[in-house]
Amino acid sequence: MTILGMGVLIVGIMALLLASIGLFVLQDALSRQHAATKAGSLGIVLIVTGTAVIGGSWAWWWRAALIVVLTWLTMPMASHVLARAAIRGQLPEDGEGSIGGGNMAAQEVKTKG
Amino acid sequence: MTNLLVWLVLGCVFLGVLRFVRGPSDADRIVALDILFSAAVAMCALAALFSQRVLFLDIAIGVVLIGFVATLAWARLVESRDLKKFESSP
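Protein sequences, first through last, are from chains A and B. Each residue of the first sequence is one higher than the one before, counting from 1 in our numbering. Each residue of the second sequence is one higher than the one before, counting from 1 in our numbering.
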């Protein structure tokens, strides 16, 4: 049981490390929030599950389950708000690095204002 | 083994801090803050595991909630401020 929990823990830490490497490989705030929130939530869930498997008793399991449920409830909402902030942050004066709907949203605001 | 896991999470914290310092836009900084809160939860879980105290998982629950509220508040602040700056520019 300890070996299984340690394996899950190591996979979770690798997912978290991959999320933080994605902050440097990707080149846009929108892509960076994609990497950070998706892989980050997977990493948290695997780390906490591995901790509960190693801990083994009921006191560890319900706390781990509460953390997993809270992560799955809050991470998509944080991802959505981060994506909105990333799109609105891409002004047309920035020039390069703005992909997709960033300029479109900004131009929409410009014609409206 | 213990040291290796803690050092891996510390590398994650280092990358997050580097992106927090170097981020070109404010949205990058909030994304880095999100990664830092995830690393804090991982550190709490490792502390609970290696000290054999379940108390640290309670702290991890608190860190998850604080991270959610902080990310939401900063993202809304940056969004509204960028919108205002863009509207006031000619």
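Quick reminder that beta carbons are idealized off the backbone N, C-alpha and C, glycines included.
Query	Result
Do you know offhand how far G10(A)'s Cα is from I47(A)'s?	Rather than Gly, the amino acid found at residue 10(A) in this sequence is Ile. Approximately 8 Å between the Cα atoms of the pair.
So A36(A) packs on L23(A), CB below 8 Å; how close in whole Å?	6 Å
In the DSSP assignment, the alpha helix (DSSP H) including S31(A) goes from what residue to what residue?	29 to 55
Is there a C-beta anywhere in chain B that falls below 8 Å from the one on W60(A)?	yes
How long is the line joining the alpha carbons of I59(B) and W61(A), rounded to whole angstroms?	15 Å
Just by C-beta distance, which residues in the stretch 18 to 52 of chain B are closer than 7 Å to chain A?	R19, S25, D26, A27, D28, I30, V31, A32, D34, I35, S38, A39, V41, A42, A45, A48, L49
Please confirm if the stretch 42 to 58 of chain A is in contact with the stretch 28 to 35 of chain B, defined as three or more CB-CB distances below 8 Å between the two stretches.	no
Give a yes or no on whether 8 Å exceeds the smallest Cβ distance from L16(A) to chain B.	yes
Measuring alpha carbon to alpha carbon, tell me which residue in G56(A), G50(A), I54(A), R63(A) is nearest L55(B).	R63(A)
Assign M75(A) to buried or exposed, taking buried as 16 or more other Cβ atoms, counted over all protein chains shown, within 10 Å of its Cβ.	buried
Name the two residues that bound the continuous alpha helix (DSSP H) containing V9(B).	2 to 22
Could you say which of S25(B), P24(B), D28(B), S38(B) lies nearest to C12(B) if we only look at CA atoms?	S38(B)
Which same chain residues end up closer than 7 Å to G113(A) when comparing Cβ atoms and leaving out the 5 residues on each side of it in sequence?	Note that G113(A) scores a pLDDT of 46, beneath 50, so its modelled location is shaky; the value from the coordinates is reported in the next line. Answer for G113(A): no residue qualifies.
T71(B) versus chain A: which residues are under 8 Å apart at the beta carbon?	A78, V81, L82
Once you ignore the five residues that flank F2(B) on each side, which residues in its own chain have a CB closer than 6 Å to its CB?	For the record, residue 2(B) in the displayed sequence is Thr; it is not Phe. Closer than 6 Å at Cβ, skipping near neighbours: F50.
Just to make sure I have the definition right: I need the residues of chain A whose C-beta is within less than 9 Å of the C-beta of L10(B). Which are they?	The contacting residues do not exist; L10(B) stays about 10 Å from chain A at best.
Measure the beta-carbon distance from L82(A) to I30(B) and round it to whole angstroms, keeping in mind my assumption that it falls under 8 Å.	6 Å
Give the interface partners of G16(B) over in chain A, defined as CB-CB distance under 8 Å, in chain order.	S20, L23
Applying a beta-carbon distance threshold of less than 7 Å, which residues of chain B neighbour A116(A)?	Residue 116(A) is absent from the structure shown; chain A starts at 1 and stops at 113.
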